[in-house]
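Under my numbering, think of the first position of the sequence shown as 106, with each following residue one higher.
Contents: one structure, followed by commentary.
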Amino acid sequence: RGLPYERCAVNLAEKPANFTQVYSKAVAFSPHPTLSRAKVPILEELGGGVPPLVESLVICEYLEDRWPASEARSAQRRAACRLFVDRYSAAMPYMPLLRAEEGSEAEAEARRALEEGMRAVD
């Protein structure tokens, strides 16, 4: 689309303060209870008056709605894409892993479920 952007690589093992601040704004908590598991991508539209956005699908849909690629793209095609993402997301349940306490049995079970889902879509 030719939109200007700045790409910022983030070491998720050692998150910089500016990353955690933006993430907290995106999820409307300060500090966010799962900040240690904050993830990417994050879209921060500077000067746009829009809070930062997280989650790939949310970001893609926002960009498509704000700056449509083409008027020729049909609603049916967009729905088919959403269906694919929904099925893929259902097979790869990562949220329980993010919410589980580190080192807990819940974390181990969530990791097993995610790995099983990854094998299923491979």
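Just so it is clear, CB atoms sit at the ideal spot from N, CA and C, and this is done for glycine as well.
Note that the structure is a prediction, hence the values are computed from the model and not measured.
- Residue 188 carries a helical assignment under DSSP once its states are collapsed to helix, strand and coil.
- Less than 8 Å separates the beta-carbon of residue 196 from that of residue 222.
- Residue environment for residue 185: exposed (fewer than 16 other C-beta atoms within 10 angstroms of its C-beta).
- The beta carbon of residue 156 sits closer than 7 Å to those of 130 and 131, all from its chain and outside the five residues before and after it, given in chain order.
- DSSP, read as helix, strand or coil, puts residue 163 in helix.
- Listed in chain order, the non-local C-beta contacts of residue 115 below 8 Å within the same chain comprise 121, 124 and 145, local neighbours out to five positions each way being set aside.
- A direct Cα-to-Cα measurement between residue 164 and residue 219 gives close to 22 Å.
- In this chain, the alpha helix (DSSP H) harbouring residue 130 covers 122 to 131.
- Assigned with DSSP and collapsed to three states, residue 202 falls in helix.
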